[in-house]
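Colleague:
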Ligand SMILES: [Zn+2]
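In the numbering used here, the protein residues as written are 112 to 234.
(1) Entirely within the segment 144 to 214 and at least 4 residues each: give me those alpha helix (DSSP H) ranges in chain order.
(2) For the beta strand (DSSP E) containing residue 140, name the first residue and the last one.
(3) Does ligand 1 have even one heavy atom less than 7 Å from the beta-carbon of residue 220?
(4) Buried or exposed: where does residue 148 fall if 16 or more other Cβ atoms within 10 Å of its Cβ makes it buried?
(5) Is DSSP giving residue 135 helix, strand or coil here?
(6) Quick one: measure Cβ to Cβ for residue 97 and residue 179, integer angstroms, because I've assumed they're closer than 8 Å.
(7) Start and end of the beta strand (DSSP E) containing residue 119?
(8) Within 10 angstroms of the Cβ of residue 152, are there 16 or more other Cβ atoms? Answer buried if so, exposed if not.
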């Protein structure tokens, strides 16, 4: 599989967008291992607990400046979204579905631009 400039070439000749290029494209996504998902949930819970605890003690402005300096003057929703997005970037491997041959291309390893193709077979 060849990856050039955020494009992924399926062996059938179709060119696909790489993960993260368009969040409205339903032909790609991530496959997340159970352990990664539960670790993610634990980390989000820990961080949000810290934020809520800071609110209870009136130290939330300081907490936000220390943990989300870019968003220090943003609404709480933006701050939480930023936290979740930062943690989410490390989750899973990418998959893309070819809309020409219906193959599924799955990233071989996280942080590698190698993909394995799985052809569609009805069971
Ligand atoms: Zn294809």
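All C-beta atoms, glycine included, are put in the ideal place defined by N, C-alpha and C.
Modeller: Put simply:
(1) Runs of alpha helix (DSSP H) with 4 or more residues, each lying fully within the segment 144 to 214, are found at 145 to 167, 171 to 178, 187 to 199, listed in chain order.
(2) Per DSSP, residue 140 belongs to the beta strand (DSSP E) from 139 to 142.
(3) The answer is no for residue 220.
(4) With fewer than 16 other beta carbons inside 10 angstroms of its own, residue 148 counts as exposed.
(5) Shown here, residue 135 sits in coil according to DSSP, grouped into three states, outside any helix or strand.
(6) In the structure displayed, the chain extends from 112 to 234; residue 97 sits before or after that span and is not available.
(7) Run containing residue 119: 118 to 120, per the beta strand (DSSP E) assignment.
(8) Note on residue 152: under 16 other CB atoms within 10 angstroms of its CB, so exposed under the neighbour-count rule.
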